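Take -15 as the starting number for the sequence shown in the working numbering and just add one per residue. Here is the structure we will look at.
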Amino acid sequence: MDGDNEQQLRELVDAIPQPAWMARPDGSIQWFNRYWHELTATSPEEMAAWGSGDWARIQHPDHCDRVTRGYRHAIETGESWQDTFPLRDGNGAWRWFRTRAAPIRNATGQIEHWFGVNIDVTDQVEVAERLRESEARFRALVDASPLGIVIMDMHGQPIFFNPCCEALHGFGIDQARGEGWAHALHPED
């Protein structure tokens, strides 16, 4: 890529409101866009001086080894890489990112560099966690209910019995499928 085109590409990538970066064929980072530096409160000089162990400063310790292994595997195999993990922002808060890196190859198929982008998915991760917590509370409530609770699908087939329902009828959801649920009815009904 000639100097003018590379500068235009950097200006374009700097305008992206998500962290983006380029790496050499060996996976060492050669450049971060402006948003990366704004997010992490790091300077280009500071990032250039970082060794592989310095990533622990911004990568969550619970994910650092897995992320590093995945990235190294991609570099060794030349395969694209994708993962989701938290990074520490400049305020010390953890933000979740879906990260993807793809090799950029020349005409002969050799990797010239890697291009990566980190998409902030913090809101989606937080919503999913709140949904899991809500479902767990609902499940605990339904499981503890002294009432028999049945959920049927659109075709009138049972898809859920709570424990009280199983105790009342003397059989579980597996036995209720098909016409099995009819055994819970009074013979005259």
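Where a beta carbon is used, it is the ideal one built from N, C-alpha and C, also for glycine. Since the structure is predicted, the reported quantities are computational estimates derived from the model, not experimental observations.
Leaving aside the five residues before and after residue i along the sequence, list all residues of the same chain whose C-beta is less than 7 Å from its C-beta, in chain order.
i      : result
GLY156 : PHE145, GLU150
GLY62  : PRO87, ILE95
ASN90  : GLU96
What do you get for residue i, buried or exposed, if any count of 16 or more other CB atoms within 10 angstroms of its CB means buried?
i        : result
LEU71    : buried
GLN43    : buried
THR24    : buried
ALA77    : exposed
VAL51    : buried
ASN(-11) : exposed
Taking C-alpha atoms, which residue in the options lies nearest to residue i?
i      : options                     : result
ARG79  : PRO171, PRO3, GLU117        : PRO3
GLN66  : ASN75, HIS167, GLY54, GLY74 : GLY54
ILE13  : SER27, THR26, MET31         : MET31
VAL105 : PHE81, GLU119, GLU29, SER27 : PHE81
ALA168 : ASP158, GLN141, HIS153      : HIS153
Quick one: residues in its chain with C-beta nearer than 8 Å to the C-beta of residue i, no 5 flanking neighbours on either side, listed in chain order?
i      : result
ILE88  : ILE95, GLU96, HIS97, TRP98, PHE99
ARG121 : none
PRO130 : CYS148
If I measure Cβ to Cβ from residue i and keep anything under 6 Å in the same chain, skipping five residues before and after, which residues do I get?
i      : result
VAL126 : ILE133, ASN146
ILE143 : ILE135, ASP137
HIS47  : PHE69
Runs of alpha helix (DSSP H) wholly within the region 133 to 172 (minimum 4 residues, chain order): 147 to 153, 157 to 160
I'd like the ranges of any beta strand (DSSP E) spanning at least 3 consecutive residues and lying wholly in the region -15 to 53. 4 to 7, 13 to 16
Would you call the region -7 to 11 in contact with the region 95 to 109, where contact means no fewer than 3 C-beta pairs closer than 8 Å? yes
Do the region 12 to 31 and the region -8 to -1 touch if we need at least three Cβ pairs shorter than 8 Å? yes
Beta strand (DSSP E) segments (min. 3 residues) lying fully within the region 54 to 118: 65 to 72, 78 to 89, 95 to 104
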